[in-house]
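K.L.:
Just so you know, the sequences run in chain order F and L.
If you're matching positions, the first sequence starts at 112 in our numbering and goes up one per residue.
If you're matching positions, the second sequence starts at 112 in our numbering and goes up one per residue.
Just so it is clear, CB atoms sit at the ideal spot from N, CA and C, and this is done for glycine as well.
Predicted, not measured: the structure shown is a model, and the values here were computed from it.
Below you will find the structure I want to go over with you.
Number of protein chains: 2
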Amino acid sequence: MITHMSAQQNPNHNHLLDALPRSIFERISPHLELISMPLGTVLYESGSQLQHVYFPTAAIVSLQYVMENGASAEIAGVGNEGILGVPIFMGGNNMPNRATVQTAGSIYRLKARQMMEEFNRAGGRRSGALQNLMLRYTQALLTQMSQTAACNRHHSVEQQLCRWLLSTLDRLPSNEMSMTQELIASMLGVRREGITETAGNLQRAGLIRYRRGHITVLDRPQLEACACECYGVVKKEFNRLLSHGTNKTNFPLHHRIQPSLPHQEFRANHP
Amino acid sequence: MITHMSAQQNPNHNHLLDALPRSIFERISPHLELISMPLGTVLYESGSQLQHVYFPTAAIVSLQYVMENGASAEIAGVGNEGILGVPIFMGGNNMPNRATVQTAGSIYRLKARQMMEEFNRAGGRRSGALQNLMLRYTQALLTQMSQTAACNRHHSVEQQLCRWLLSTLDRLPSNEMSMTQELIASMLGVRREGITETAGNLQRAGLIRYRRGHITVLDRPQLEACACECYGVVKKEFNRLLSHGTNKTNFPLHHRIQPSLPHQEFRANHP
DNA sequence: GAGAGTATGTTCGTTAGCACACATAAAGCG
DNA sequence: CGCTTTATGTGTGCTAACGAACATACTCTC
């Protein structure tokens, strides 16, 4: 169990938990278990019965879809800004996704029963604060997924790599991440060689530096300029939907320069 | 307003509305407005304030993301199995998507206020039936979006075209749809020429037949064989999450035989 | 500090899908 | 009915990303 601390320095915190009203937090905190999650842990598999929701603190978890032929693609990432196990309170219990730990760290775990009890605790005609927060997070997740869909359709590997690095960076305490190119490739659903080449370009341009299994972001603004719009869109939605009360979920969006090459249009839909 | 009819023959029905308990349905039905939606109507734009939720009956609406450069991609489709305006009850009010009518037809409209009133109407510790249903639908939507993301990453235009035809077919009363290749291309976010070529192949193989603006599905099982797994995964999730009580949302995967209904012609050019 | 294990670099041929530029033909409309 | 609009058909490069098969080099462990 943890106390409701304001300490942003505390590494063991999750923005959703932090955003809960004190009264609610105090009710559930005795049931929170802090668990250490090594890289590669599978929190749940496609179709498995979910028993818990998880609130990552330092850990980052990747939601991926694994295809019949074994290929995979990341659908969304979840770090200290979010929660895993959304289908528990949405009513479907599970989803055809796998949740894999992409960055080791600790996670708070809460039993499905306790979660549901609080989720359904309503004050008369109005829904409770936890329900409210969870639904808003779920909407942000919807945006993240839909943006991933559009991004996978239209953006280059380079743009996507930049986007991915930035969103991972936002969930980390420093500007260095422990991450192999192979792992990134499997997240983005592209070839490892493609990442090697692209990362090489970024390094030569001075945006990042890497050595065997570690990547350091050197020039964040430039990285944002190279990323596709998707990064900013998702970030803005998370801020809009989840910054309230404590400002902990409110990340500033760095200056986004837009050199974007004038693409020709795809013939928009119904003019 | 409509009455709570069991008539599956009635063209003006929406599976979510049909699945509501009679008592709830009777409360909201006086507020339902049936509106005719021509092709190309934009129900809402990215970032606009949503005022209503919409329950399609014969109409099919496409949720798309429109990129900065004008390119677009369909994120999810919504027909008589669903609802539009999910962000209203999720708490975010809007989303960075556009909702465009892809197949003309009628839609029930309900004011946001009425929707919220019923959504938050809870019986003590338990959430109401409407909330329950809406959250389950939203989870199905999550699955649809995540599947679109994975599909955009890994599957060929042919597989995607088959998937798209099938899921559109599921929402139509007959096996013919009024649809130009240009429109399909913009939905899938690919070039029109790519659709022309692929559709030509499918026609030559006898799976479909088409003429200027109309496509008829001739061999559904074959089409399913050519589609990627995504079609089945999404369909199964919708069935799992939304077939309850009345069996109206429960489509069998194969052989969906339906008496041809007279469906209105509409102008192929956009308003 | 040497070797094993694994991460990264590089190459070459292949392909799906793109961009552009048209030709043709079917509806719709006056 | 002929004319215009719009949907579809085709062709010719072109490029990003793929697949496979390697060569190199870092690090961790023993």
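#1: Report the option in 325(L), 135(L), 123(L) whose CA atom is closest to the CA atom of residue 226(L).
#2: Using 8 Å as the threshold, is the region 201-211 of chain L in touch with the region 132-149 of chain L, meaning 3 or more CB pairs across them?
#3: For residue 222(L) and residue 165(L), what's the separation of their Cα atoms in angstroms?
#4: Based on Cα-Cα distance, which residue from 252(L), 123(L), 180(L) lies nearest to residue 348(L)?
#5: Taking the C-alpha atoms as reference points, what is the distance between residue 286(F) and residue 176(F)?
#6: What's the gap between the Cα of residue 313(L) and the Cα of residue 141(L)?
#7: Could you please give the first and the last residue of the uninterrupted alpha helix (DSSP H) stretch that includes residue 225(F)?
#8: Are residue 300(F) and residue 184(F) close, meaning C-beta to C-beta below 8 Å?
#9: Express the C-alpha separation of residue 317(F) and residue 195(F) in angstroms, rounding to a whole number.
#10: May I ask you to list, following chain order, the residues of the region 264-287 of chain L that have a beta carbon less than 9 Å from some beta carbon of chain F?
#11: Go through its chain and collect everything with a Cβ distance to residue 260(L)'s Cβ below 8 Å, but skip five positions before and after it.
#12: Who are the neighbours of residue 344(L) on chain F, taking C-beta pairs under 7 Å?
#13: Which residue wins for smallest C-alpha separation from residue 267(L), given the options 329(L), 153(L), 339(L), 190(L)?
#14: Below 8 Å on the Cβ atoms is my contact criterion, and I expect residue 276(F) with residue 334(F) to pass it. Report the Cβ-Cβ distance as a whole number of Å.
#15: Can you tell which of 190(L), 197(L), 224(L), 157(L) has the C-alpha that lies nearest to the C-alpha of residue 125(L)?
#16: Determine the direct distance from the alpha carbon of residue 132(F) to that of residue 257(F), and round the result to whole angstroms.
#17: Can you tell me whether residue 179(L) is buried or exposed, with buried defined as 16 or more other CB within 10 angstroms of its CB?
#18: Kindly list the residues whose CB is nearer than 6 Å to the CB of residue 306(F), restricted to its own chain and excluding five residues on each side of it in sequence; keep chain order.
#19: Taking CB distances under 8 Å as the criterion, tell me whether residue 223(F) reaches chain L.
#20: My assumption, with CB atoms under 8 Å, is that residue 255(L) sits in contact with residue 210(L). Please give the rounded CB distance.
#21: Determine, for residue 352(F), whether the minimum Cβ-Cβ distance to residues of chain L falls below 8 Å.
#22: When you compare each of 214(L), 337(L), 241(L), 212(L) to residue 137(L) by their alpha carbons, which one comes out closest?
#23: Taking the runs of the alpha helix (DSSP H) that are 4 residues or longer, which of them lie wholly in the region 171-202 of chain L?
#24: So with CB distances below 8 Å, who are the chain F contacts of residue 176(L)?
#25: Helix, strand or coil: which one does DSSP assign to residue 290(L)?
#26: May I ask which residues mark the beginning and end of the beta strand (DSSP E) holding residue 147(L)?
#27: List the residues that DSSP assigns as beta-bridge partners of residue 219(F).
#28: Which of helix, strand or coil does DSSP assign to residue 153(F)?
#29: Would a check of beta-carbon distances place residue 188(F) closer than 8 Å to chain L?
#30: So, helix, strand or coil for residue 336(L), using DSSP?
#31: Taking DSSP as the reference, what is the three-state secondary structure of residue 325(L)?
#32: If we count the other Cβ atoms within 10 Å of its Cβ and call it buried at 16 or more, is residue 336(L) buried or exposed?
#33: List the endpoints of the continuous beta strand (DSSP E) containing residue 213(F).
#34: Apart from the five residues just before and just after residue 377(F), which ones in its own chain have a Cβ nearer than 6 Å to its Cβ?
#35: Whose C-alpha, out of 321(L), 213(L), 215(L), 263(L), is nearest the C-alpha of residue 342(L)?
#36: To which residues of the same chain is residue 123(F) closer than 7 Å at the C-beta, ignoring the five residues directly before and after it?
P.N.:
Taking the coordinates as given:
#1: Here residue 226(L) corresponds to residue number 115 of the second sequence, with the count starting at 1. That would be 135(L), whose Cα lies nearest to the Cα of residue 226(L).
#2: no
#3: Counted from its first residue, the second sequence places residue 222(L) at position 111. Counted from its first residue, the second sequence places residue 165(L) at position 54. About 9 Å.
#4: As a first step, residue 348(L) is located in the second sequence; it is residue number 237 there, counting from the start. Ranking the options by Cα distance to residue 348(L), first place goes to 252(L).
#5: For this step, residue 286(F) is matched to residue 175 along the first sequence. For this step, residue 176(F) is matched to residue 65 along the first sequence. If you take the alpha carbons of residue 286(F) and residue 176(F), they lie about 28 Å apart.
#6: In the second sequence, residue 313(L) corresponds to position 202, counting from 1. In the second sequence, residue 141(L) corresponds to position 30, counting from 1. Distance between the alpha carbons of residue 313(L) and residue 141(L): 46 Å.
#7: In the first sequence, the residue the question calls residue 225(F) occupies position 114. Here the alpha helix (DSSP H) through residue 225(F) covers 223-230.
#8: Sequence index remark: in the first sequence, residue 300(F) carries index 189 (1-based). Sequence index remark: in the first sequence, residue 184(F) carries index 73 (1-based). Yes, the Cβ-Cβ distance between residue 300(F) and residue 184(F) is below 8 Å.
#9: Along the first sequence, read from residue 1 onward, the residue named residue 195(F) stands at position 84. Along the first sequence, read from residue 1 onward, the residue named residue 317(F) stands at position 206. Between residue 195(F) and residue 317(F), the C-alpha separation is close to 35 Å.
#10: 264, 265, 266
#11: Taking the first residue of the second sequence as 1, we reach residue 260(L) at position 149. There are no such residues.
#12: In the second sequence, residue 344(L) corresponds to position 233, counting from 1. Chain F residues near residue 344(L): 207.
#13: Numbered from its first residue, the second sequence carries residue 267(L) at position 156. Nearest C-alpha to residue 267(L): 339(L).
#14: Here residue 276(F) corresponds to residue number 165 of the first sequence, with the count starting at 1. Here residue 334(F) corresponds to residue number 223 of the first sequence, with the count starting at 1. 6 Å between Cβ atoms; contact.
#15: Working through the second sequence from its first residue, we reach residue 125(L) at position 14. Checking every option, the nearest Cα to that of residue 125(L) belongs to 190(L).
#16: As a first step, residue 257(F) is located in the first sequence; it is residue number 146 there, counting from the start. As a first step, residue 132(F) is located in the first sequence; it is residue number 21 there, counting from the start. Each residue's Cα considered, the two are about 30 Å apart.
#17: Mapped onto the second sequence, residue 179(L) falls at position 68. Exposed, by the Cβ-count rule.
#18: As a working mapping, residue 306(F) is identified with position 195 in the first sequence. These residues qualify, in order along the chain: 292, 295, 296.
#19: In the first sequence, the residue the question calls residue 223(F) occupies position 112. Cβ-Cβ to chain L under 8 Å: no for residue 223(F).
#20: The residue you call residue 255(L) lines up with position 144 of the second sequence. The residue you call residue 210(L) lines up with position 99 of the second sequence. Actually they do not touch by this definition, with Cβ atoms about 14 Å apart.
#21: Translated into the one-based positions of the first sequence, residue 352(F) becomes position 241. Yes, contact with chain L.
#22: Counting from one through the second sequence, the residue named residue 137(L) turns up at place 26. The candidate whose alpha carbon is nearest that of residue 137(L) is 241(L).
#23: 197-201
#24: For the purposes of this step, residue 176(L) is identified with residue 65 of the second sequence, where counting begins at 1. Under the 8 Å cutoff, chain F gives 257, 258, 260, 261.
#25: Residue 290(L) sits at position 179 when you count from the first residue of the second sequence. Coil, per DSSP.
#26: Taking the second sequence and counting its residues from 1, one reaches residue 147(L) at position 36. Counting along the chain, the beta strand (DSSP E) containing residue 147(L) begins and ends at 144-148.
#27: By 1-based counting over the first sequence, the position of residue 219(F) is 108. In the DSSP output, where bridge partners are listed per residue, residue 219(F) has 145(F), 166(F).
#28: Numbered from 1 along the first sequence, position 42 holds the residue referred to as residue 153(F). The answer is strand: DSSP assigns residue 153(F) an E or B state.
#29: By 1-based counting over the first sequence, the position of residue 188(F) is 77. For residue 188(F), the answer is no, since every Cβ of chain L falls outside 8 Å of its Cβ.
#30: Numbered from 1 along the second sequence, position 225 holds the residue referred to as residue 336(L). It is helical.
#31: As a working mapping, residue 325(L) is identified with position 214 in the second sequence. Strand, per DSSP.
#32: Taking the second sequence and counting its residues from 1, the one referred to as residue 336(L) is at position 225. Result: exposed.
#33: As a working mapping, residue 213(F) is identified with position 102 in the first sequence. Its beta strand (DSSP E) spans residues 209-214.
#34: Residue mapping note: residue 377(F) aligns to position 266 of the first sequence, counting from 1. For residue 377(F), the predicted structure reports a pLDDT of 27, less than 50, and the residue's modelled location is therefore unreliable. The matter cannot be settled from this model.
#35: Taking the first residue of the second sequence as 1, we reach residue 342(L) at position 231. For residue 342(L), the nearest C-alpha among the options comes from 263(L).
#36: Counting from one through the first sequence, the residue named residue 123(F) turns up at place 12. Cβ neighbours of residue 123(F) beyond the five flanking positions: 113, 145, 168, 217.
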